[in-house]
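J.: Take the sequence shown: its letters are residues 37 to 320, numbered as in our numbering. Beta carbons: idealized from backbone N, C-alpha and C, even for Gly. As the structure is a prediction and not an experimental result, all values here were calculated from the model.
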Amino acid sequence: MESPAVTAMESFSEALDAISVSTELIEEELRPHLDTVLAVLQETKRGVAQQVADSGILPTLAQILERRSALNMQTTLLVAELARDASVRERCMEAGLGFALMSLLSSTDQDLLLYTGRAISRICYDNNLLQDQLVQSGIIPHLVAIIEKYPANAPLVSVCLLALCNLADMGEEDSSAVAWERVGPCGEGEKVYRGTRKHSFGLSSTATMVRLQRWSDGQHSVTVEVLHRCSRALWVTHVGLRAARRFPPAPLSVCPKFYRAVKYGVRNLPKAKSLKSTVFHTFL
């Protein structure tokens with residue numbers, strides 16, 4: 037008698053075969069196969085995401101998303117799970133999944149926006165080429181618009197903020213490691229969010245600041261800053277070591293802040309491509 041694990045993997049292989057040969061994308065036929073693939077992916081078995089990519093179904097997933105069908109939620113969840121594996125992220129973009137996901141950012145379904153933002157955030161994590169492709173395609177105004185439209189939906193706002201950080205190559209792979217809060221008071225047309233992530237050893241912490249600025253001419257600017265801060269105890273120890281080595285004393289009495297900032301200027305114009313300008317500032 038076959039074990040449940042063997043049966044599940046056989047069903048998984050059959051589901052991949054069925055999706056890969058689908059040409060008419062009939063929802064009733066695809067739904068159980070997508071469920072099977074998603075269930076196996078969520079079990080986080082090693083090599084499964086690579087097997088999905090090798091099966092050739094990624095372009096089919098992109099077609100499903102582009103059609104705005106009832107399978108969008110399932111498919112977006114599946115892509116988000118696939119993008120956990122760094123080895124398949126670039127292949128997802130090559131198959132058109134990044135741009136297909138972008139087309140869903142105009143949806144009014146907040147759950148779909150949540151999963152879409154999560155999938156986009158994971159796909160572009162730690163890959164400058166994919167980040168630039170998405171930014172140049174005008175993704176920034178869409179994410180900003182979602183934050184402004186649904187400010188009370190904390191999980192959705194958090195996902196969009198993390199996506200902005202990852203697009204700036206200053207984000208986190210695991211969204212659960214960052215806690216976001218609104219910072220105020222701010223200037224007119226300005227919103228500032230702070231994300232904090234404390235390291236397990238307790239001697240340093242990382243704070244991410246995302247500043248959204250709306251200008252009177254309909255233009256938005258997005259600034260992302262990452263600050264690495266160490267504890268006073270660690271800084272005192274560092275200064276002591278410098279003195280012991282006969283280095284000149286540090287000019288600051290507290291731990292210095294190291295930060296990087298990237299600014300995107302995007303014009304939020306309907307029926308027109310977004311304009312983008314980027315300025316990098318690094319103080320290390």
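1. Can you tell me the Cα-Cα spacing of residue 129 and residue 220, whole angstroms?
2. Can you give the Cα-Cα distance for residue 86 and residue 209, rounded to whole angstroms?
3. Among all the DSSP beta bridges, which residues are the ones paired with residue 227?
4. Do you know offhand how far residue 139's Cα is from residue 155's?
5. Is the beta carbon of residue 70 closer than 8 Å to that of residue 110?
6. Would you be able to state if there are at least three C-beta pairs under 8 Å between the region 212-232 and the region 165-177?
7. Kindly list the residues whose CB is nearer than 7 Å to the CB of residue 107, restricted to its own chain and excluding five residues on each side of it in sequence; keep chain order.
8. Who are the near neighbours of residue 390 in its chain, counting only those whose CB is closer than 8 Å to its CB and skipping five residues on each side?
9. Have a look at 84, 124, 95, 82 and flag the residue whose alpha-carbon is nearest the alpha-carbon of residue 57.
10. Starting from residue 117, follow the alpha helix (DSSP H) in both directions and report where the run begins and ends.
11. Out of 45, 54, 247, 102, which one is the CA nearest neighbour of residue 231?
12. Taking its Cβ as the centre, do 16 or more other Cβ atoms sit within 10 Å of residue 244, making it buried, or is it exposed?
13. Is it true that the CB of residue 133 sits closer than 8 Å to the CB of residue 152?
14. Going by the beta-carbon positions, is the gap between residue 148 and residue 195 smaller than 8 Å?
15. Beta carbon of residue 201, beta carbon of residue 260: below 8 Å?
16. Give me the residue from 159, 126, 49 with the minimum Cα distance to residue 91.
17. If contacts are defined as beta-carbon pairs under 8 Å, then residue 103 and residue 141 qualify, I think. What distance do you get, rounded to the angstrom?
18. Using the beta-carbon count (16 or more within 10 Å), is residue 121 buried or exposed?
19. What are the complete alpha helix (DSSP H) segments, minimum 4 residues, inside the region 116-197?
20. Going by DSSP in three states, residue 103 sits in which element: helix, strand or coil?
T.: This is what the structure holds:
1. Taking the first residue of the sequence shown as position 1, residue 129 is located at position 93. Taking the first residue of the sequence shown as position 1, residue 220 is located at position 184. When rounded, the distance between both Cα atoms is 37 Å.
2. Along the sequence shown, one-based indexing puts residue 86 at 50. Along the sequence shown, one-based indexing puts residue 209 at 173. When rounded, the distance between both Cα atoms is 18 Å.
3. Taking the sequence shown and counting its residues from 1, one reaches residue 227 at position 191. Its beta-bridge partners are 248.
4. The residue you call residue 139 lines up with position 103 of the sequence shown. The residue you call residue 155 lines up with position 119 of the sequence shown. Roughly 13 Å between the two C-alpha positions.
5. Here residue 110 corresponds to residue number 74 of the sequence shown, with the count starting at 1. Here residue 70 corresponds to residue number 34 of the sequence shown, with the count starting at 1. A contact, by the Cβ cut-off of 8 Å.
6. no
7. What you label residue 107 is simply residue 71 of the sequence shown in a count that begins at 1. Within the same chain, residue 107 has close Cβ partners 63, 66, 67, 70, 100.
8. Outside the modelled stretch of the chain, which goes from 37 to 320, sits residue 390, for which no answer is possible.
9. In the sequence shown, residue 57 corresponds to position 21, counting from 1. Minimum Cα distance to residue 57 is reached at 95.
10. For this step, residue 117 is matched to residue 81 along the sequence shown. Start and end: 108-118.
11. As a first step, residue 231 is located in the sequence shown; it is residue number 195 there, counting from the start. Closest by alpha carbon: 247.
12. Position 208 of the sequence shown holds residue 244. Looking at its Cβ environment, which holds 16 or more other Cβ atoms inside 10 Å, residue 244 is buried.
13. If you number the sequence shown from 1, residue 152 lands on position 116. If you number the sequence shown from 1, residue 133 lands on position 97. Going by C-beta atoms, residue 152 is not nearer than 8 Å to residue 133.
14. Taking the sequence shown and counting its residues from 1, one reaches residue 148 at position 112. Taking the sequence shown and counting its residues from 1, one reaches residue 195 at position 159. No. Outside cutoff.
15. As a first step, residue 201 is located in the sequence shown; it is residue number 165 there, counting from the start. As a first step, residue 260 is located in the sequence shown; it is residue number 224 there, counting from the start. Cβ atoms of residue 201 and residue 260: closer than 8 Å.
16. Counting from 1 along the sequence shown, the entry for residue 91 is found at position 55. For the residues 159, 126, 49, the minimum Cα distance to residue 91 belongs to 49.
17. The residue given as residue 103 occupies position 67 in the sequence shown. The residue given as residue 141 occupies position 105 in the sequence shown. Incorrect: roughly 16 Å between the Cβ atoms, too far for contact.
18. The count along the sequence shown starts at 1 and reaches residue 121 at position 85. It is buried - the Cβ of residue 121 has at least 16 other Cβ atoms within 10 Å.
19. 122-130, 133-138, 146-159, 164-172, 175-185
20. On the sequence shown, position 67 is the one that residue 103 refers to. If DSSP states are grouped into helix, strand and coil, residue 103 belongs with coil.
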